[in-house]
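See below for the structure under consideration.
There are 2 protein chains.
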Amino acid sequence: MSEPDTDRPAAPDAATADRPVRTLADLARIAGVSTGTVSRALAGKSVVKGDTRKKIEALAQQHGFRLNQVASNLRRQRTGVIGIAIPLGHDRRQQVSDAFFMTLLGYLADALTEKGYDLMLRRVIPDRDEDWLDRFIGSGMVDGVLVIGQSDQFARIEEVAGRYRPMVVWGNHQEGQRHCVVGSDNRLGGKQAAERLIAQGARRLAFLGDPTATEFAARYTGAKSVADAHDVPMITLPTHLAPDRMAKEVASHMDQHAGAIDGIFAATDILAMVCLAELAGRQIAVPDDIRVVGFDDLPLAEQTAPPLTTVRQDIRAGAFGMVDLLLRRLAGEETESLVMQPELVVRQSA
Amino acid sequence: MSEPDTDRPAAPDAATADRPVRTLADLARIAGVSTGTVSRALAGKSVVKGDTRKKIEALAQQHGFRLNQVASNLRRQRTGVIGIAIPLGHDRRQQVSDAFFMTLLGYLADALTEKGYDLMLRRVIPDRDEDWLDRFIGSGMVDGVLVIGQSDQFARIEEVAGRYRPMVVWGNHQEGQRHCVVGSDNRLGGKQAAERLIAQGARRLAFLGDPTATEFAARYTGAKSVADAHDVPMITLPTHLAPDRMAKEVASHMDQHAGAIDGIFAATDILAMVCLAELAGRQIAVPDDIRVVGFDDLPLAEQTAPPLTTVRQDIRAGAFGMVDLLLRRLAGEETESLVMQPELVVRQSA
DNA sequence: ACAATTTATGCAATCGTTTGCAAAAGTCGA
DNA sequence: TCGACTTTTGCAAACGATTGCATAAATTGT
Numbered sequence: 001m002s003e004p005d006t007d008r009p010a011a012p013d014a015a016t017a018d019r020p021v022r023t024l025a026d027l028a029r030i031a032g033v034s035t036g037t038v039s040r041a042l043a044g045k046s047v048v049k050g051d052t053r054k055k056i057e058a059l060a061q062q063h064g065f066r067l068n069q070v071a072s073n074l075r076r077q078r079t080g081v082i083g084i085a086i087p088l089g090h091d092r093r094q095q096v097s098d099a100f101f102m103t104l105l106g107y108l109a110d111a112l113t114e115k116g117y118d119l120m121l122r123r124v125i126p127d128r129d130e131d132w133l134d135r136f137i138g139s140g141m142v143d144g145v146l147v148i149g150q151s152d153q154f155a156r157i158e159e160v161a162g163r164y165r166p167m168v169v170w171g172n173h174q175e176g177q178r179h180c181v182v183g184s185d186n187r188l189g190g191k192q193a194a195e196r197l198i199a200q201g202a203r204r205l206a207f208l209g210d211p212t213a214t215e216f217a218a219r220y221t222g223a224k225s226v227a228d229a230h231d232v233p234m235i236t237l238p239t240h241l242a243p244d245r246m247a248k249e250v251a252s253h254m255d256q257h258a259g260a261i262d263g264i265f266a267a268t269d270i271l272a273m274v275c276l277a278e279l280a281g282r283q284i285a286v287p288d289d290i291r292v293v294g295f296d297d298l299p300l301a302e303q304t305a306p307p308l309t310t311v312r313q314d315i316r317a318g319a320f321g322m323v324d325l326l327l328r329r330l331a332g333e334e335t336e337s338l339v340m341q342p343e344l345v346v347r348q349s350a
Numbered sequence: 351m352s353e354p355d356t357d358r359p360a361a362p363d364a365a366t367a368d369r370p371v372r373t374l375a376d377l378a379r380i381a382g383v384s385t386g387t388v389s390r391a392l393a394g395k396s397v398v399k400g401d402t403r404k405k406i407e408a409l410a411q412q413h414g415f416r417l418n419q420v421a422s423n424l425r426r427q428r429t430g431v432i433g434i435a436i437p438l439g440h441d442r443r444q445q446v447s448d449a450f451f452m453t454l455l456g457y458l459a460d461a462l463t464e465k466g467y468d469l470m471l472r473r474v475i476p477d478r479d480e481d482w483l484d485r486f487i488g489s490g491m492v493d494g495v496l497v498i499g500q501s502d503q504f505a506r507i508e509e510v511a512g513r514y515r516p517m518v519v520w521g522n523h524q525e526g527q528r529h530c531v532v533g534s535d536n537r538l539g540g541k542q543a544a545e546r547l548i549a550q551g552a553r554r555l556a557f558l559g560d561p562t563a564t565e566f567a568a569r570y571t572g573a574k575s576v577a578d579a580h581d582v583p584m585i586t587l588p589t590h591l592a593p594d595r596m597a598k599e600v601a602s603h604m605d606q607h608a609g610a611i612d613g614i615f616a617a618t619d620i621l622a623m624v625c626l627a628e629l630a631g632r633q634i635a636v637p638d639d640i641r642v643v644g645f646d647d648l649p650l651a652e653q654t655a656p657p658l659t660t661v662r663q664d665i666r667a668g669a670f671g672m673v674d675l676l677l678r679r680l681a682g683e684e685t686e687s688l689v690m691q692p693e694l695v696v697r698q699s700a
């Protein structure tokens, strides 16, 4: 260290070859200034003289220097990373690969990238890990958290929301809740679905999906209220979201009930698709024998046979909304929840 | 600070209420030991006396203490985070939400979580940001990198692979390449698709998809070689992957060519699905008038009408393979690429 | 040419953990 | 009871960047 040019075969500017320039201190030494100056120059602060800045920038470029973000994060107490938690509670086998979550995640990635944030993804299984949310928040690795889906963790999320501000959750809004949530009015969506089914002549309804998850429960309730108002019975066909189980369970439901119902409200488009395939296999005509309405309006809803009538959630708007709210909360603002109006998209399945 | 019990309304153990215990030093003070000891105790190192460890653990629990991961990362020079880069090069409008990538990402999340790693997701647009890969690697925020899709960045990835070990890429394998890649034998998959189409009687083939992306090019080449061997002509119908464009482009292709072809090899299942929907709309019978083969075998391939014959990539195995290879490279091992054999799944569309 | 400013830079503390080394405390046999 | 060990702990130096404060340099006015 004390004899710079002695050990190495000593090509004049050979530093480029074997990148010893990993830290601000290295760069400072080469540039003949202090680390403070280098830091300021690279940060684009105005206090550095033009010449010096240019020289430092050139050297940084030439030696391929990059700031160590971890050190920077530690010192600045901010990371530029938003945590995304996907709790897999109500259905442990549900894959992260669930189409709706993945679509939402894609848009979140777009929105956050646009604002200069990175995403840290964490898949959590709440019943194995009581402490998941606090661990994520307390790690210091994220500036804020987006939770995708309340799963069965409503209570815990509520509790944390009382003391941690920068958190926005995708899910269902309940009267008087504390945490900031973005989502569709699932109740209303459920109503729209049931109304359509009944308007199309259905008189014996079924709800296809697991009504213990908060969001699905609201969809169910909405549909049920309409069914009740029309004196139409509605049964529940509980179904897991894990792709491997789903098909079998739907098949079994159809075995038992296909003859006794003439309208199905599926809790998600994926369920509706599986259901359509199952009905087609049994030569049951859709919508003539059984009407089917889905929920989400994923891109593939347009491509089913017959094309799926479904309740549209604007996932992109939701994702951008979540990011917007989170950034405002990070800035200290108090924000309301964002409840979006779902919209019935009529195609041919009902 | 010098008079612990004076200022506050002084409930004996009131520290619990207003969490002042944020750092090891805080905890050390309360426990009456040094930070070093606390650190060791919480890390589960054997050098700490049982009693002391228990006491410290109890206090940590009681005050809801959590290690600051950022500081820990800095000191240990490892973060426990794997970076996932999704380059959107050959088709800038392609959403991160592309079904195949999302499925792969889901499995990667499963595999990495299982191994105790977090995921940091970064969506990159290479032509806007020359330096994307080096920036990601050099940030110090990730221990290794998985790249999902080579896009049109083959050269850059090759270059980086020469000096950065912990990187595994999903994509196509080319003769003599340096970077460690996991993917299917796309050429073989293409052959299988074409063979099936021809065996089912197709004599005028079309390849549906954009053959400039590396992986698709290999699928095309494989199919073409079989077509040539059978003296069967094959045209190319280039199509973007952006969901909004895709449908229109496929429709326009069908307008122009539907009458002139009797077998379609779609570069992805999604394309195949859109294609099926388009053909159904035109009353063209599948597979009688036109046979269709897809690629990927996404879960929804089973649910199309008619169910899709497709070339299966075992995405789950691929994801777990990528993670396995990456961890071995992190451990210093030298690893070969993993080229998986695709498998034709015969359903009803061809 | 000199004092009064305004700019640019350097110094050193700080962010919160981890860990090598040394000192303190505990254990044991004789 | 004392020396020779073995466990436990404390001390303080890293990890690499940022930033308030102080000093050095450049600029300005007179």
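Just so you know, the sequences run in chain order A and B.
Take the first sequence: its position 342, counting from 1, is numbered 342 in this note's numbering, and each next residue is one higher.
Take the second sequence: its position 322, counting from 1, is numbered 672 in this note's numbering, and each next residue is one higher.
Cβ coordinates follow ideal geometry from the N, Cα and C atoms, glycine included.
- Out of B:M470, B:L458 and B:I475, the CA that lies nearest to the CA of E114 (chain A) is found in B:I475.
- Contact between the stretch 216 to 231 of chain A and the stretch 254 to 262 of chain A is not established, with fewer than three Cβ pairs separated by less than 8 Å.
- For V624 (chain B), the chain A residues whose Cβ falls inside 7 Å of its Cβ are Q303, in order along the chain.
- Taking the CA atoms as reference points, G209 (chain A) sits about 8 Å from T236 (chain A).
- I86 (chain A) sits in a strand when the DSSP states are folded into three classes.
- One thing to note: T79 (chain A) has its Cβ within 7 Å of the Cβ of D143 (chain A).
- S534 (chain B) has B:M690 as its beta-bridge partners, per DSSP.
- A contact between stretches requires three or more CB pairs, one per stretch, nearer than 8 Å, and the stretch 321 to 336 of chain A fails this requirement with the stretch 196 to 213 of chain A.
- Apart from sequence neighbours up to five positions away, the residues of its chain that approach R135 (chain A) with a beta-carbon distance below 8 Å are D129, ordered along the chain.
- Nearest neighbour of M604 (chain B) by Cα position, chosen from B:T589, B:L458 and B:L469, turns out to be B:T589.
- Only R122, R123, D134 and R135 from the stretch 122 to 136 of chain A bring a Cβ to less than 8 Å from some Cβ of chain B.
- In this chain, A350 (chain A) is not harboured by any beta strand (DSSP E), its DSSP state being neither H nor E.
- Excluding five sequence positions before and after L471 (chain B), the CB atoms of its chain that fall closer than 7 Å to its own CB belong to I434, given in chain order.
- Between S337 (chain A) and V147 (chain A), the alpha-carbon positions lie close to 14 Å from each other.
- Contact with chain B is found for M120 (chain A), since one of that chain's Cβ atoms lies less than 7 Å from the residue's Cβ.
- For L205 (chain A), the uninterrupted beta strand (DSSP E) run begins and ends at L205 to L208, by DSSP.
- For R282 (chain A), no beta strand (DSSP E) run applies, since DSSP gives it neither H nor E.
- With a contact defined as Cβ atoms closer than 8 Å, D647 (chain B) and D619 (chain B) qualify at about 7 Å.
- Below the 7 Å Cβ cutoff, chain B contributes R416 as neighbours of G138 (chain A), in chain order.
- Per DSSP, the unbroken beta strand (DSSP E) holding M167 (chain A) starts and ends at M167 to W170.
- Per DSSP, the unbroken alpha helix (DSSP H) holding I56 (chain A) starts and ends at G50 to Q62.
- Under the 10 Å beta carbon count, P370 (chain B) is surrounded by fewer than 16 other beta carbons and is classified as exposed.
- Annotation: the continuous beta strand (DSSP E) that includes T659 (chain B) extends over T659 to R662.
- Sorting A:S349, A:F295, A:A266 and A:C275 by C-alpha distance to the C-alpha of D288 (chain A) places A:S349 at the top.
- When Cβ-Cβ separations below 7 Å define contact, Q69 (chain A) makes contact with chain B.
- Below 8 Å, too few C-beta pairs join the stretch 659 to 670 of chain B and the stretch 500 to 516 of chain B to call them touching: fewer than three.
- The beta carbons of V532 (chain B) and G668 (chain B) sit closer together than 7 Å.
- Only residues of its own chain outside the window of five on either side were considered, and among them T304 have a CB closer than 6 Å to the CB of M273 (chain A), listed in chain order.
- Counting C-beta pairs with one atom in each stretch, the stretch 21 to 33 of chain A and the stretch 42 to 58 of chain A have three or more that are closer than 8 Å, which means they touch.
- Along the stretch 231 to 242 of chain A, none of the residues has a CB nearer than 7 Å to a CB of chain B.
- If you look at V495 (chain B), you'll find it in the beta strand (DSSP E) that goes G494 to I498.
- Note that the C-beta distance between A217 (chain A) and I264 (chain A) is not below 7 Å.
- Excluding sequence positions up to five before and after A223 (chain A), its CB lies within less than 8 Å of the CB of G190, K191, A193, A194, L205, F207, M234 and F265, all in the same chain and listed in chain order.
- The beta-carbon of M141 (chain A) is placed less than 7 Å from the nearest beta-carbon of chain B.
- About 23 Å separates the beta carbon of R697 (chain B) from that of Y457 (chain B), a gap too long to meet the 8 Å contact definition.
- Residue-level contact by beta carbon holds for M452 (chain B) and chain A, with a gap shorter than 7 Å.
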